[in-house]
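Numbering (the working numbering), first residue to last: 128 to 720. Data block below; observations after.
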Amino acid sequence: MAMASQSDKEQPHVQHTEDPTASEPPVALFGADAASLPNGYFYSPYFLGSMAACGMSLLGSVGGYALAAPILGIINADIGPNKNIAWVPLMFPVGLAVGQTLLGRLSDIFGRRWFFAGGQGFGLIGAIICATARDVPTLIGGSVIVGLAGATALSYPFLIGELVPMKYRFIGTAYACFCCIPFSGLAPAIANSLATKASWRWCYYLMIIFNGLSMGSYLLFYHPPTFGMKHSRKEKLRMIRSFDYVGIFLFTSGMVLFLLGISWGGNVYPWKSAAVIATIVIGALTLVAFFTWEVYHPMEEPLVPMHLFRNRGWLIASLLVSIGASIYYAFGIVWPSMVNVLYAEGDQIYAGWLQCCVGGAFTLGQVTGSFLYKFIGSVRAQLTVTTLIGGALLAGVASASPSDVNLPIGLLIPGNFFIGWMEALTLTLPGMYIRDQNEIGVAVGVAGSVRSALSTLASTIYVTILNNRLAETVPAAVRPAVTTAGLPVSSVPALLAALSLGTPDAFSKVQGLTSQIQEVAINAYKEGNTSAYRTVFFASLAFTGTGILLSLFAPSVDDQMTDSVAVTLHKKKEEKDLENAVQKQLEVETTTH
Numbered sequence: 128m129a130m131a132s133q134s135d136k137e138q139p140h141v142q143h144t145e146d147p148t149a150s151e152p153p154v155a156l157f158g159a160d161a162a163s164l165p166n167g168y169f170y171s172p173y174f175l176g177s178m179a180a181c182g183m184s185l186l187g188s189v190g191g192y193a194l195a196a197p198i199l200g201i202i203n204a205d206i207g208p209n210k211n212i213a214w215v216p217l218m219f220p221v222g223l224a225v226g227q228t229l230l231g232r233l234s235d236i237f238g239r240r241w242f243f244a245g246g247q248g249f250g251l252i253g254a255i256i257c258a259t260a261r262d263v264p265t266l267i268g269g270s271v272i273v274g275l276a277g278a279t280a281l282s283y284p285f286l287i288g289e290l291v292p293m294k295y296r297f298i299g300t301a302y303a304c305f306c307c308i309p310f311s312g313l314a315p316a317i318a319n320s321l322a323t324k325a326s327w328r329w330c331y332y333l334m335i336i337f338n339g340l341s342m343g344s345y346l347l348f349y350h351p352p353t354f355g356m357k358h359s360r361k362e363k364l365r366m367i368r369s370f371d372y373v374g375i376f377l378f379t380s381g382m383v384l385f386l387l388g389i390s391w392g393g394n395v396y397p398w399k400s401a402a403v404i405a406t407i408v409i410g411a412l413t414l415v416a417f418f419t420w421e422v423y424h425p426m427e428e429p430l431v432p433m434h435l436f437r438n439r440g441w442l443i444a445s446l447l448v449s450i451g452a453s454i455y456y457a458f459g460i461v462w463p464s465m466v467n468v469l470y471a472e473g474d475q476i477y478a479g480w481l482q483c484c485v486g487g488a489f490t491l492g493q494v495t496g497s498f499l500y501k502f503i504g505s506v507r508a509q510l511t512v513t514t515l516i517g518g519a520l521l522a523g524v525a526s527a528s529p530s531d532v533n534l535p536i537g538l539l540i541p542g543n544f545f546i547g548w549m550e551a552l553t554l555t556l557p558g559m560y561i562r563d564q565n566e567i568g569v570a571v572g573v574a575g576s577v578r579s580a581l582s583t584l585a586s587t588i589y590v591t592i593l594n595n596r597l598a599e600t601v602p603a604a605v606r607p608a609v610t611t612a613g614l615p616v617s618s619v620p621a622l623l624a625a626l627s628l629g630t631p632d633a634f635s636k637v638q639g640l641t642s643q644i645q646e647v648a649i650n651a652y653k654e655g656n657t658s659a660y661r662t663v664f665f666a667s668l669a670f671t672g673t674g675i676l677l678s679l680f681a682p683s684v685d686d687q688m689t690d691s692v693a694v695t696l697h698k699k700k701e702e703k704d705l706e707n708a709v710q711k712q713l714e715v716e717t718t719t720h
């Protein structure tokens, strides 16, 4: 299987270079037309093995967040207690925000194989650390590694996108999202079942298995263009010397500090604390310095090509994918709390399945929307309609009541389905809108980093709104109800604390509390929580409205739905011969020019 290692700088289709004086047959550089590939190419072990590696990497990575987050209380009870347990899920989006840009850019230049195989090996180490952790700090350390390694798996839009014909890129995204269903869409149910019937460590044992299988598959089957097929060997030292190391430092340190700061606020530390304020300010200033450096100190090999931000289609797609994730996180944060407070009645298995209404419907929407895009077309219409319908249905969840679980389920499932449809399209679009397919890694990587950063910011906004409203609505609902029922006013603070814990021991310490008053208190507590949740659902409309406006300006990609394949794979035994042939062609071209 011959491969192409370089696409034309202006078009994503294939160029063939021939030297009439050369004895070797011409080598296709960067890409090929699907019709020109060898018979059975898309059924070969190399192609199918690479696709399987990508699918298993998603199974081995998304669980690092999705499986752990619903059972933090169970984990903390086993190896804690430690108030820093909240750091475990915070590490994943921070790792993604930093890792996706670095991975995309570096692998664009130096080749992808060792970055992706190494990323899965890194994830394997992180999963082993988490699975064997005996205390919370060790678990946090492993989660840092898992989060960074997750950038490899979540970079599937450009890995799959460049392996399949452009007209099938959306279907490639559908395949990747389908692989996410067990440990993303059904994560709450699976995590609670494992924690209840086996051990929470099995969440990480499964990650060990899939990360190991994925790493092995990448090493065996994934042979994309190497550095020697992309560039002249003489350029290697020059490119290493001239790379944007200052940009890497500013971007990494700024993004980590900023995201940690906004994640800490109101969670790990109070918003007014010096740790939160200083971290956010220093991180934001460092990111400003990064963009200033990239704009006013152009490099031969910049970390982030600034012309991406002048590409209207890419910019709109990057913002829309962030908005889709932001709407999703509003319900991913609030719905589990609603389930536990209003509907579960202490049944963790039932609670896990109810919580799947958000992630399961969202992932199903991703699969469906990506699969059907080729047959429907008109990206602008699809983005606008799905955002409008999904946002309206999800806002309707504000009418939910503690006595009826069917109404929120009936709105959540179709609402998240349509938002997932929208978000899946925008996962693929950044790689479609760029003119130079050599930059697909950095284009998709930066879009992924923007998604992680903005959705983390949105999550912080939701949590802050929810906590502030709960501090108002719960006492306002509980206090008059219980004092009217006969509870002494002096016992109200203890009762509020007991309601938040929900344990028999906590209720037993409330002076003057009877079973009848406790029932009144629980019902009032549910009403107070419902009022607070309602505010968050209304807040999500701001993101929905912005998404609809951006969708109206999304450029069409119908003319990009071609048979062009940006990158083809080769056999391991052909690697040296292909590199030598490409180097000879490059020498001939240099001599000719």
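Where a beta carbon is used, it is the ideal one built from N, C-alpha and C, also for glycine.
Could you please give the first and the last residue of the uninterrupted alpha helix (DSSP H) stretch that includes residue i?
i: residue 292; result: Taken as a continuous stretch (DSSP letters only), residue 292 belongs to no alpha helix (DSSP H), as it is neither H nor E.
i: residue 571; result: 567-612
i: residue 730; result: Within the shown structure, residues of the chain are numbered from 128 to 720, placing residue 730 beyond reach of any answer.
i: residue 681; result: Note, residue 681: premise wrong, no alpha helix (DSSP H); not H, not E.
i: residue 356; result: 354-357
i: residue 744; result: Because the chain is modelled from 128 through 720, residue 744 falls outside the range shown and cannot be assessed.
i: residue 507; result: 506-522
Based on the DSSP output, what are the partners of residue i in its beta bridges?
i: residue 777; result: Residue 777 is absent from the structure shown; the chain starts at 128 and stops at 720.
i: residue 392; result: 396
i: residue 691; result: 160
i: residue 428; result: 370
i: residue 528; result: 531
Just verifying my parser: in three-state terms, what is the DSSP assignment at residue i?
i: residue 311; result: helix
i: residue 370; result: strand
i: residue 341; result: helix
i: residue 721; result: Nothing can be reported for residue 721: it is not among the residues displayed for the chain, which extend from 128 to 720.
i: residue 472; result: coil
i: residue 362; result: helix
i: residue 707; result: helix
i: residue 349; result: coil
i: residue 149; result: Reliability fails at residue 149, whose pLDDT of 36 lies under 50, so the model's placement of it is uncertain and the value that follows must be treated cautiously. Of the three classes helix, strand and coil, the one that applies to residue 149 here is coil, per DSSP.
i: residue 413; result: helix
i: residue 620; result: helix
i: residue 176; result: helix
i: residue 105; result: Outside the shown range of the chain, which is 128 to 720, sits residue 105, and nothing can be said about it.
i: residue 630; result: coil
i: residue 438; result: coil
i: residue 563; result: coil
i: residue 326; result: coil
i: residue 459; result: helix
i: residue 650; result: helix
i: residue 667; result: helix
i: residue 166; result: coil
i: residue 171; result: coil
i: residue 155; result: Low confidence applies to residue 155: its pLDDT is 45, below 50, so where it sits in the model is not reliable enough to give any reading.
In its own chain, which residues sit with a C-beta less than 7 Å from the C-beta of residue i, not counting the 5 before and 5 after it?
i: residue 322; result: 198, 201
i: residue 223; result: 274, 277, 278, 281, 575, 579
i: residue 525; result: 661, 664, 665
i: residue 495; result: 548
i: residue 706; result: 353, 355, 356
i: residue 161; result: 292, 690, 692
Is residue i close to chain C, meaning its C-beta is less than 7 Å from at least one C-beta of that chain?
i: residue 205; result: Protein chain content of the structure displayed is limited to a single chain, and chain C is not contained in it.
Going by beta carbon distance, what residues of the same chain come within less than 6 Å of residue i, once the five residues before and after it are set aside?
i: residue 702; result: none
i: residue 271; result: 218
i: residue 520; result: 538, 541, 542
i: residue 589; result: 457, 460, 663
i: residue 583; result: 220, 386
i: residue 681; result: 443, 506, 507, 510
Using C-beta distances below 8 Å, list every residue in its chain close to residue i, excluding the 5 sequence neighbours before and after it, in chain order.
i: residue 501; result: 294, 295, 297, 298, 688
i: residue 420; result: 373, 374, 377
i: residue 363; result: 354
i: residue 83; result: This structure leaves residue 83 out entirely; the chain is present only between 128 and 720.
Mind checking whether the beta-carbon of residue i lies closer than 6 Å to any heavy atom of the ligand ZN?
i: residue 634; result: As presented, the structure is devoid of all ligands, the ligand ZN included, so that no description of it is given.
Which runs of the alpha helix (DSSP H) at least 4 residues long sit entirely within the segment 178-233? Give them in chain order. Counting whole runs of 4 or more residues, the segment 178-233 contains the alpha helix (DSSP H) stretches 190-193, 199-206.
Quick one: which unbroken alpha helix (DSSP H) runs of 4-plus residues sit fully inside the segment 223-288? Chain order, please. Taking only runs of at least 4 residues, the alpha helix (DSSP H) segments lying wholly in the segment 223-288 are 240-258, 263-280.
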